[in-house]
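To start, the structure under review is shown below, and the notes come after it.
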Amino acid sequence: MELEDARLQDVRAWLTKAELDLKAAAHETSAPAEGLWGDVMFHSQQAAEKAMKAFLAWHDVPFRKTHNLEELGQQCVALDATLGVVAGQAAPLTEYVWKFRYPGETGEPERDEAEEALAAARNVYYAIQARLPAAVR
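Rendered as structure tokens:
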């Protein structure tokens, strides 16, 4: 397998995982059960993170194993300054990788918070996707 093929597969894999997290978050917002808002927020954070990692992988920029969306966003903005707005929207999602995930950590989030997190994650995903070649998407 050529290096270019490996990179394409890697980027597509990151995008696929991001898309699955978006689908999971969207599904959970449509579920009638209360208590899923924390999961929506977790999947939203994950979707934004994986989309950013796809963008960095496409540009062959190494990144740490991190959930820090501010750090990943800064790396993305260094490559494309027009990502500044969505990177800023994503940064607050960082804490959702652990917040609301464990008992006793914090209260439960509200639906509007979860919907805002999902909207931010979608903005990141679609902005990243728009900046990648069609062959990657």
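If you use the working numbering, the sequence shown corresponds to residues -8 to 128, in order. Glycine is no exception: its CB is placed at the ideal position from the N, C-alpha and C atoms.
A direct Cα-to-Cα measurement between V88 and A126 gives close to 30 Å.
Closest option to E40, judged by alpha-carbon separation, among P53, F91 and H58: H58. Collapsing the DSSP output to three states places N59 in coil. Per DSSP, reduced to three states, the secondary structure at A22 is coil, with no helix or strand assignment. Between the alpha carbons of A105 and A38 lies a distance of about 13 Å. Within its own chain, the residues whose Cβ lies closer than 8 Å to the Cβ of L(-1), once the five positions on either side in sequence are excluded, are A126 and V127, listed in chain order.
DSSP places P100 outside both helix and strand once states are collapsed to three, so it counts as coil.
With fewer than 16 other Cβ atoms from the protein chains shown falling within 10 Å of its own Cβ, L70 counts as exposed. By the criterion of a C-beta distance shorter than 8 Å, T97 is surrounded in its chain by K90 and F91, once the five residues flanking it on both sides are discounted. With at least 16 other beta carbons inside 10 angstroms of its own, R113 counts as buried.
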